[in-house]
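Let me begin by presenting the structure, written as structure tokens, before commenting on it.
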Amino acid sequence: MDDCLFCKIVSKEIPSTPVYEDERLYAFLDINPVNPGHVLITPKRHSTNLMDAPEEDVGSIIKLAKKIAQALTKGGAAGINLEMNNGSVAGQVIPHTHLHVVPRTVDDGLKHWPGKEYAPGEAETVAERIRQDLG
Ligand code: 5GP
Ligand code: ZN
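Take 68 as the starting number for the sequence shown in the working numbering and just add one per residue.
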């Protein structure tokens, strides 16, 4: 993809700070981290997000996330969040698949999303729709 920032980072056309690379994946530091050590794992082959990424890329990303989470924990992280924003409404700014691996510290101020409540019977309707759409 000619005009994709992360494709340019993967190809080293734009500099970044790498932590891991293999034939399929590139992992580098987020330029504006939640905390130092906030890593982005991205497939080298362009896809937009989770919905169009090849399964092999998704599987490799999650396996590498575990390794990086273990390394960050070894380095002192008190916990780890994995976050993948898929679609602009979901907060995806860079339209090249990537997983955030975020090391957490006590009192770093990052907030979880607020939860809503289901109306009576709504959860079963919603779950049935998902089961059908899963095929
Ligand atoms: P998104 O909101 O798409 O899930 O996250 C994109 C992430 O990419 C953001 O956290 C942002 O800080 C990071 N980012 C944007 N531009 C650059 C860049 O040029 N270099 C690096 N290393 N990270 C970037
Ligand atoms: Zn790309």
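C-beta atoms are modelled at their ideal positions from N, C-alpha and C, and glycine is treated no differently.
When the beta-carbon positions are compared, residue 152 and residue 146 stay at least 7 Å from each other. By the Cβ rule, the region 157-172 counts as touching the region 109-128, because three or more pairs are nearer than 8 Å. For residue 150, the closest alpha carbon among the candidates 100, 75 and 69 is that of 100.
Between residue 98 and residue 128, the gap from beta carbon to beta carbon reaches 7 Å or more.
By the C-beta density criterion, residue 103 is exposed, having fewer than 16 other C-beta atoms within 10 angstroms. Residue 84 and residue 142 have their C-alpha atoms roughly 17 Å apart.
In the structure shown, residue 117 falls within a coil segment according to DSSP collapsed to helix, strand and coil. Annotation note: the region 106-162 contains the following uninterrupted alpha helix (DSSP H) runs of length 4 or greater, listed N- to C-terminal: 122-141. For residue 191, the uninterrupted alpha helix (DSSP H) run begins and ends at 189-201, by DSSP.
Within the same chain, Cβ atoms closer than 7 Å to the Cβ of residue 136 are found at 147 and 168, the five residues on either side in sequence being excluded. Residue range 72-77 is occupied by the alpha helix (DSSP H) that includes residue 77.
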